[in-house]
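Notes for the one structure printed next.
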Amino acid sequence: MLASACSPCRAQDRAKTDSPLSGPTVVDRRDAADRPTLVTHDFDANVIRPEASPEEAALRLLALDATTKSEIEKLLRERMIIVDKFVATNLDLLTKFGNAEATGNKLDQAMLLAQAAQKLAPLWKRGPLASEIEKHLPPDAKPEYERLLTEYYTAVRDETRRNTGEKKPLWAIRVDERLKALGREIERSFKRQLYNGEIVFQYITPRLHLRPEQEARVREVCAKFAEELNGNDATKAQQVRFVLELGKALDPDQRKVLGQILRGEQARKSDQAKPKGERAADKKNDTKKNPQDPNAI
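In this note's numbering, the protein residues as written are 3 to 299.
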């Protein structure tokens, strides 16, 4: 049922919602010259990626005054809001991409990535995160910030050459790592919104056409449901209670639409449980039955 929207995360994965510069934690490690560094290695001598983007992680190794921190936190929050909005309004796209990734369908992945890139245009228009941050750094902090990032990306480039033989230039390594960092931010965004109920709310409400007073009540029900689950899969009893509570806030016509949404979700999950060949045969038969149906093409 719709509670499957909560299944990708578990309670121990709860994302923190403090100020952007307060986490994730970056351990103060030192290089051979006793300077702060982002570069650490695992047992296979591969560079350990920071939980946040390298650009954010490097910030936490700088001694910045309160005003500078406040300015940078503001721009990080602005970027975070863009990502949160993308996640909340594109759950179907993210689900499709996850399925394409799981099945190894490179063509579908490429097409879905292109769609995602288009929807994230407001983020790209802001320019690279490092460039935005450097505009707010005091002159004496910029060289250290650039050193931290150059050292990190150089270490990743050396790792790539050692492991794959690819001699990618440093700019290409930066692009690759930024895209990976964006993927991690999208995942963190999903977790943030999962735990405050926003993911569930966005999943079920687009077709319900809620009035303002209904929206407030439905958000409350979704938030309570997400809090009760605490990142775990919903039991049948929890799902039933959730739907009943939702129904109390809806008009009869809206309850009918909610039923259609839930039945559609159950049908989708049933279809996904079928072997791949059987799903393809069903789709082919549907196309024969109704060749004019655009959803059957």
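Yeah, the Cβ is synthetic: ideal placement off N, Cα and C, and Gly gets one too.
When DSSP states are grouped into helix, strand and coil, THR39 belongs to the strand group. Separation of the CB atoms of TYR147 and ILE175 is rounded to 18 Å, and the pair is thereby denied contact status at 8 Å. Only residues of its own chain outside the window of five on either side were considered, and among them VAL41, VAL49 have a CB closer than 6 Å to the CB of ALA157, listed in chain order. Residue nearest to GLN256 within the set ARG79, LEU96, LEU212 is LEU212 (criterion: CA-CA distance). Rounded to whole angstroms, ILE74 and HIS138 show a C-alpha spacing of 7 Å. Closest option to GLU187, judged by alpha-carbon separation, among ILE84, THR69, ASP46: ILE84. Per DSSP, the beta-bridge partners of VAL49 are HIS43. Approximately 18 Å separates the beta-carbon atoms of GLN241 and LEU93; this is outside 8 Å, ruling out the contact.
Burial is judged here by how many other beta carbons sit within 10 angstroms of a residue's own beta carbon; PHE88 has at least 16 and is buried. Excluding its 5 nearest sequence neighbours in each direction, GLU153 has C-beta neighbours in its own chain below 8 Å: ASP33, THR39, LEU40, VAL41, listed in chain order.
Excluding five sequence positions before and after ALA183, the CB atoms of its chain that fall closer than 6 Å to its own CB belong to SER55, given in chain order. Leaving aside the five residues that flank LYS170 on each side, the residues in its chain whose CB is nearer than 7 Å to its CB run, in chain order, ARG159, THR162. Between ARG81 and LEU125, the C-beta gap is smaller than 8 Å, which places the two residues in contact. In the three-state reduction of the DSSP assignment, ALA143 falls in the coil class.
In this structure ILE263 is in contact with ARG209, their Cβ atoms being roughly 7 Å apart against a cut-off of 8 Å.
Distance from the CA of PHE192 to the CA of LYS127, rounded to the nearest whole angstrom, comes to 22 Å. Between ALA225 and GLY199 the beta-carbon gap is near 3 Å, inside 8 Å, which marks them as a contact.
Secondary structure of LEU210 (DSSP, three-state): coil. In its chain, beyond the 5 residues on either side, VAL223 have a beta carbon closer than 6 Å to the beta carbon of GLU247. A Cβ-Cβ distance of about 4 Å is found for the pair ASP110 and ALA102, placing them in contact under the 8 Å criterion. A direct Cα-Cα distance of roughly 14 Å separates ASP67 from LYS144. In this model, MET113 and GLY167 are separated by some 28 Å (Cα to Cα).
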